[in-house]
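Q: Submitted below is the structure of interest, expressed as structure tokens.
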Amino acid sequence: MADHRHPVCPVHRSKAIYELPIIQGYIKRDSAQVGCSRPIGEKGMSKRHQSRLSRLDPRKLIGKLFVYAISAAVAPSAMADDVAYGTDFGQKVINWIAFGSDKQIWGTTSLMSVVSQGLNGIGLTVMAWLAVLGASTYVIQTANKGVPGGQVISSFWAPIRVAVATILLIPLTGGFSTLQYGVVAVAEKGNADANALMGMGLDYLYDFGAYRSPALEDGSGLIFSWIGSEVCKQYINSYTNREAVSSTFTQATDRNRMVSTLAYTYNEADTWMWRNDPRTDYCGALSFAIDLPNADDNTSAASAAPKEIGTGQLAILRAIQPKVAEIASMILSDEQALRDLQVNGAGSQSTYEQAAASVSKKISGAVSKYNAAVVMYNAETQKLVASSVNKINDSKNANKATDWKGEASSTGWKDQTKEMGWPALGTIFWQVNINQSEINKLAAAIVPTYTDPSLDDEWLKDPRLGELSSRIRGLKKAVAGSRPTLNTNHGIPSLTAIADAGAEGSGFMDKIKSVVYDAFAGAMKSMLYKNSPDDLIVNLQYFGSAAGTTAEVMWWAKVVTVAGIKGGLKTAETAVDTASNAFSWLGPVGWVAKGVAGTGKGVIAALTSFIDDISGLLSYLILGLIIVGFTLGIVLPTIPLTQWLMGVISWMLFYIECLLVSPIWLSAHGSAERDGWGSEHTRQGYMLMIGLYLNPILRVAGFFAIFLALKPVSHLVSWFIDYIQGVLVSGFAFLFYYFGAMAVVGIFSYSVLVRIFGLPSELFERGLRWVNGGQEVTGDSNSEERARSNIGAFAHKAEAAANSKGAPTKFAKPDGATPTPTRGPSS
């Protein structure tokens with residue numbers, strides 16, 4: 001228990017009763033007034049203090065002691081005087097709002113506690129009136145129906161509700177009631193559990209990534225091949241009664257490629273005539289190769305991770321090899337009995353028959369061992385690539401990291417997020433996606449290879465090996481029967497067949513259109529899928545930044561080109577005027593010169609007008625590209641954090657609402673109702689308490705689910721592009737149509753992703769709505785949507801401002817003034 005002694009008048013700790021904050025609150029207030037400096041204890045208490053305690057209402061004191069015991073059991077941290085919460089921002093928010101400080105000081109007076117004291121008084125008053133009204137109703141219903149309460153008011157539950165609610169509403173030291181301390185405890189519990197859930201998710205993201213990269217091959221086929229090699233090795237060694245075949249682990253670097261190999265090599269006897277031609281890979285081999293970059297850069301994942309991954313692959317092979325050997329020994333479970341039969345003859349016949357009969361059971365039992373080996377291989381390879389990328393990126397950023405005090409820190413994004421608590425979870429979104437993009441690239445660089453056993457005539461015709469091969473096939477069938485989808489390793493099929501839905505035939509123009517639109521769709525996909533279809537958010541940001549940069553280059557190119565052309569036309573016009581004036585005195589020749597000059601001026605004016613129109617057209621196209629680039633390149637990546645922070649603010653405001661409204665809600669328990677503790681007037685309040693606890697927890701769960709939802713959506717966007725291509729090929733399209741199609745694809749992708757980014761808030765709100773019978777609980781379901789609307793309104797206003805600034809002014813007066821509608825332009 002924290003020490004609640006006054007700094008001037010320390011309390012003697014011989015009796016625990018005087019350490020309770022309830023009593024110390026009275027002692028502190030008197031001690032502060034008199035400024036006493038002598039110890040105060042059970043016997044040393046001043047007469048003023050003894051008088052103060054003697055005036056305590058015993059019922060109120062017992063009620064407070066009861067409440068204190070409950071609160072201490074539920075949330076001991078809430079009773080601590082000086083608790084260090086580190087950098088847990090969620091806990092700091094709870095403390096700031098309730099206690100006016102980032103530390104919990106039980107019994108202190110704060111702005112919220114003062115307001116709460118008044119609300120508790122109002123709640124007690126409201127409940128007193130409800131109790132009087134309920135008692136009057138009880139008497140009336142009893143007299144009317146002739147039974148206690150008239151079967152409307154329970155003589156048992158009504159007094160209990162009023163008594164318990166009264167105790168919970170009595171303001172304690174500082175102004176908060178027991179109920180409000182309970183609200184604080186519920187908020188703390190939700191914050192702590194959300195932090196724990198966040199820690200579990202962050203650990204997985206750091207070690208394994210958001211998902212297993214599709215480029216990493218499933219280990220089912222490799223493990224089966226590996227089992228075949230182990231069976232071959234164990235059988236030959238058993239038959240020869242020596243280690244004729246051994247498994248050798250090697251790692252070598254050849255031409256900027258690191259290769260980790262497990263080879264099953266035949267150890268030739270010294271008497272063998274062909275010992276100078278060793279039978280390497282006799283029972284097969286496994287190898288993993290990864291290219292090493294030429295750049296000597298140990299700070300980026302693309303350069304430093306391949307070497308670490310190559311080294312880790314060899315360790316994975318060493319770790320899984322015993323498990324594969326165990327499966328092979330189960331397939332060869334009757335091998336020793338067969339050897340005994342060959343040595344002992346009929347004396348071991350029954351033992352061999354029993355061993356042979358149990359082989360099928362052994363194979364069935366090997367299914368679980370096989371599945372465990374595959375799971376281990378998949379998990380370890382996924383962890384190897386993901387953890388390598390995250391560790392290297394953290395090491396790269398270590399010199400830039402600072403702790404919550406602004407001092408240098410060597411911790412990475414995972415540890416920093418854990419320190420700050422769940423409110424900071426949304427800030428990792430872009431980091432996780434960038435890391436996953438690197439993981440996918442490195443996973444695609446790993447090349448696993450399996451070499452089949454290369455048996456010769458010495459063992460190739462051995463009938464026992466044929467029987468063992470049939471057992472391996474039986475294991476495959478048993479695995480397929482237990483998990484039919486285990487060996488399924490196919491990607492999501494493409495829908496490119498719909499890309500030519502609008503093609504009219506095989507004529508010359510149709511072929512030209514098909515080629516042009518294929519090129520358009522290919523360019524769109526190459527921009528949207530720069531890395532792979534699994535990095536949609538990263539690729540959309542890349543596409544948006546590329547579109548914005550292209551628009552800016554086009555804008556400056558247009559400005560320079562138009563200015564150059566107009567300058568040339570102005571120079572030509574001046575030259576024509578000069579030539580016309582030079583020949584004007586020659587009579588008929590001058591007249592001809594003036595005619596030619598007039599024609600030249602007309603051509604120049606036409607060209608100038610044409611350049612202005614083309615410039616305006618290009619301005620609209622460039623403006624559309626700028627908007628697409630801004631939306632996809634900047635707005636889209638920030639929406640997850642925007643919505644997350646809006647959710648954190650919503651949780652904070654929801655906590656304030658529960659803290660302030662809870663006294664009024666509790667006072668409603670004094671209303672006259674039938675049996676039971678709660679009533680139709682109070683049920684919603686309990687849902688609010690559940691919502692306060694689940695708010696951060698469900699938001700954290702929904703945020704992690706976003707990363708999984710992004711993977712299948714990338715294929716939907718690819719199908720949408722195929723569909724757009726099928727629409728474009730139905731007719732003629734040029735520049736406007738291409739830019740329009742790009743904008744449509746961008747709008748669709750943006751809308752889909754924004755819908756997914758709202759999952760944390762939607763999960764919380766709908767989850768409570770389902771529990772509450774379809775009724776909304778918190779009322780903040782549209783807060784994130786309003787934030788998105790604000791961003792959209794900003795983009796719309798920016799577009800309107802750009803259009804109005806770039807559009808020519810109609811009927812402009814020479815002085816620049818705009819005519820009024822009634823007056824029109826002045827001459």
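All letters in the sequence shown, in the order written, are residues 1 to 827 by UniProt numbering.
Glycine included, each C-beta is placed from N, C-alpha and C at the ideal position.
Note down, in chain order, each residue of its chain lying with its Cβ closer than 7 Å to the Cβ of I223, except the 5 sequence neighbours on either side.
A: By one-based count along the sequence shown, residue 223 stands at place 223. Hits under 7 Å: V324, Y370, A373, V374, Y377.
Q: Are the Cβ atoms of V231 and A328 separated by less than 9 Å?
A: To locate residue 231, count along the sequence shown from 1; it is residue 231. To locate residue 328, count along the sequence shown from 1; it is residue 328. Yes, they are a contact pair.
Q: Is the beta carbon of G174 less than 9 Å from the beta carbon of S110?
A: Residue numbering aside, residue 174 sits at position 174 when the sequence shown is read from its first letter. Residue numbering aside, residue 110 sits at position 110 when the sequence shown is read from its first letter. Going by C-beta atoms, G174 is nearer than 9 Å to S110.
Q: Answer yes or no: do L442 and A302 have a C-beta to C-beta separation smaller than 9 Å?
A: Within the sequence shown, residue 442 is the residue found at index 442, counting from 1. Within the sequence shown, residue 302 is the residue found at index 302, counting from 1. Yes, Cβ-Cβ distance for L442 and A302 is below 9 Å.
Q: Go through its chain and collect everything with a Cβ distance to S225's Cβ below 6 Å, but skip five positions before and after it.
A: Looking up residue 225 in the sequence shown gives position 225. Correct list, in chain order: Y450.
Q: State the Cα-Cα distance for the pair L710 and L133, rounded to the nearest angstrom.
A: Working through the sequence shown from its first residue, we reach residue 710 at position 710. Working through the sequence shown from its first residue, we reach residue 133 at position 133. Rounded to whole angstroms, L710 to L133 spans 58 Å at the Cα level.
Q: Can you tell which of P306, L119, S609, P712 has its C-alpha closest to the C-alpha of V389?
A: Counting from one through the sequence shown, the residue named residue 389 turns up at place 389. When only C-alpha atoms are compared, the closest one is P306.
Q: Compute the Euclidean distance between the alpha carbons of L317 and G624, then round it to the nearest angstrom.
A: One-based indexing of the sequence shown puts residue 317 at position 317. One-based indexing of the sequence shown puts residue 624 at position 624. Cα to Cα, L317 sits roughly 54 Å from G624.
Q: Examine the Cβ distances between the segment 693 to 706 and the segment 412 to 429 and report whether three or more of them are shorter than 8 Å.
A: Touching, yes, given that three or more Cβ pairs across the two stretches are closer than 8 Å.
Q: Is it buried or exposed for Q104, if we count other Cβ within 10 angstroms and need 16 for buried?
A: Stepping through the sequence shown from its first residue, residue 104 is reached at position 104. Q104 sits buried, since 16 or more C-beta atoms from the chains shown fall within 10 Å of its C-beta.
Q: Could you check what DSSP says for L621 in three-state terms: helix, strand or coil?
A: Looking up residue 621 in the sequence shown gives position 621. Residue state, collapsed to three classes: helix.
Q: What does a CB cutoff of less than 6 Å around V447 pick up in its chain, not counting 5 residues either side in sequence?
A: As a first step, residue 447 is located in the sequence shown; it is residue number 447 there, counting from the start. Result list for V447: A289, in chain order.
Q: With burial defined as no fewer than 16 other Cβ atoms inside 10 Å of the residue's Cβ, what is the status of E467: buried or exposed?
A: To locate residue 467, count along the sequence shown from 1; it is residue 467. Classification of E467: exposed, given that the 10 Å Cβ count is below 16.
Q: To the nearest whole angstrom, what separates the beta carbons of T250 and A263, a pair I think is in contact under 8 Å?
A: Translated into the one-based positions of the sequence shown, residue 250 becomes position 250. Translated into the one-based positions of the sequence shown, residue 263 becomes position 263. About 7 Å; that satisfies the 8 Å criterion.
Q: Among the candidates G201, S619, V562, F176, whose CA atom is the shortest distance from the CA of L607?
A: On the sequence shown, residue 607 is found 607 positions in, with the first residue counted as 1. It is V562 whose Cα lies nearest to the Cα of L607.
Q: Determine contact between the segment 734 to 745 and the segment 760 to 771, defined as no fewer than three beta-carbon pairs at a distance below 8 Å.
A: no
Q: Comparing the C-beta of L442 with each C-beta of chain D, is any distance below 9 Å?
A: Although the question refers to chain D, the structure presented lacks it and comprises just one protein chain.
Q: Can you look up S77 in the DSSP assignment and give me helix, strand or coil?
A: For the purposes of this step, residue 77 is taken as the residue at position 77 of the sequence shown. Model confidence at S77 stands at a pLDDT of 40, short of 50, so the residue's coordinates are unreliable and nothing is read from them.
Q: Quick one: what's got a C-beta closer than 8 Å to T299's C-beta in the same chain, skipping five residues either side?
A: Along the sequence shown, one-based indexing puts residue 299 at 299. I392, S395, K396, listed in sequence order.
Q: I'd like the list of long-range same chain contacts for W651, defined as Cβ closer than 7 Å, with 5 residues on each side in sequence excluded.
A: Walking along the sequence shown from the start, residue 651 turns up at place 651. Correct list, in chain order: N695, P696.
Q: Only counting the same chain, and skipping five residues up and downstream in sequence, which positions put a Cβ closer than 8 Å to that of I622?
A: In the sequence shown, residue 622 corresponds to position 622, counting from 1. Within the same chain, I622 has close Cβ partners A551, M554, W555, K558.
Q: Are three or more beta carbon pairs between the segment 176 to 193 and the segment 88 to 101 nearer than 8 Å?
A: yes
Q: When burial is assigned at 16 or more other CB atoms within 10 Å of the CB, is D613 buried or exposed?
A: Walking along the sequence shown from the start, residue 613 turns up at place 613. Per the 10 Å Cβ criterion, exposed.
Q: Quick check: the Cα distance between L666 and S761, rounded to an integer number of angstroms?
A: For the purposes of this step, residue 666 is identified with residue 666 of the sequence shown, where counting begins at 1. For the purposes of this step, residue 761 is identified with residue 761 of the sequence shown, where counting begins at 1. The straight-line gap from Cα to Cα measures roughly 28 Å.
Q: Tell me the DSSP secondary structure of I446 in three-state form.
A: If you number the sequence shown from 1, residue 446 lands on position 446. In the structure shown, I446 sits in coil (DSSP, three-state: anything other than H, G, I, E or B).
Q: When you compare each of D277, V367, N237 to R339 by their alpha carbons, which one comes out closest?
A: Stepping through the sequence shown from its first residue, residue 339 is reached at position 339. The residue with the shortest Cα to Cα distance from R339 is N237.
Q: Along the chain, where does the beta strand (DSSP E) containing T411 start, and where does it finish?
A: Position 411 of the sequence shown holds residue 411. First-last for T411: undefined, no H or E at that position.
Q: Might you give, ordered along the chain, the residues of its own chain that have their beta carbon closer than 6 Å to the beta carbon of V126, omitting 5 neighbours on each side?
A: Locating residue 126 in the sequence shown gives position 126, counting from the first residue. If we look at V126 and ignore the five residues flanking it on each side, its Cβ neighbours are S667.
Q: Give the C-beta separation of V367 and S482 to the nearest angstrom, bearing in mind that I take them to be a contact with Cβ-Cβ under 8 Å.
A: Position 367 of the sequence shown holds residue 367. Position 482 of the sequence shown holds residue 482. About 5 Å separates the two Cβ atoms, so the contact holds.
Q: So, do the segment 653 to 663 and the segment 112 to 130 have three or more beta carbon pairs nearer to each other than 8 Å?
A: Short answer: they touch.
Q: Taking the C-alpha atoms as reference points, what is the distance between S470 and G345?
A: As a first step, residue 470 must be located in the sequence shown, where it is residue number 470. As a first step, residue 345 must be located in the sequence shown, where it is residue number 345. In a straight line, the C-alpha of S470 is about 26 Å away from that of G345.
Q: Distance check for M112 and Y26, CA to CA, integer angstroms please.
A: By 1-based counting over the sequence shown, the position of residue 26 is 26. By 1-based counting over the sequence shown, the position of residue 112 is 112. Any reading at Y26 is ruled out, since the residue's pLDDT is 36, under 50, leaving its predicted position unreliable.
Q: Name the two residues that bound the continuous alpha helix (DSSP H) containing Y204.
A: Indexing the sequence shown from 1 puts residue 204 at position 204. Element bounds for Y204: 178 to 208.
Q: From the DSSP output, in three-state form, read off A252 for me.
A: As a first step, residue 252 is located in the sequence shown; it is residue number 252 there, counting from the start. DSSP places A252 in strand when its eight states are reduced to three.
Q: Comparing alpha-carbon positions, which option in R255, S364, L384, Q234 lies nearest G310?
A: What you label residue 310 is simply residue 310 of the sequence shown in a count that begins at 1. Checked all of R255, S364, L384, Q234; the closest Cα to G310 is L384.
Q: Secondary structure at A244, three-state DSSP: helix, strand or coil?
A: Along the sequence shown, read from residue 1 onward, the residue named residue 244 stands at position 244. DSSP places A244 in coil when its eight states are reduced to three.
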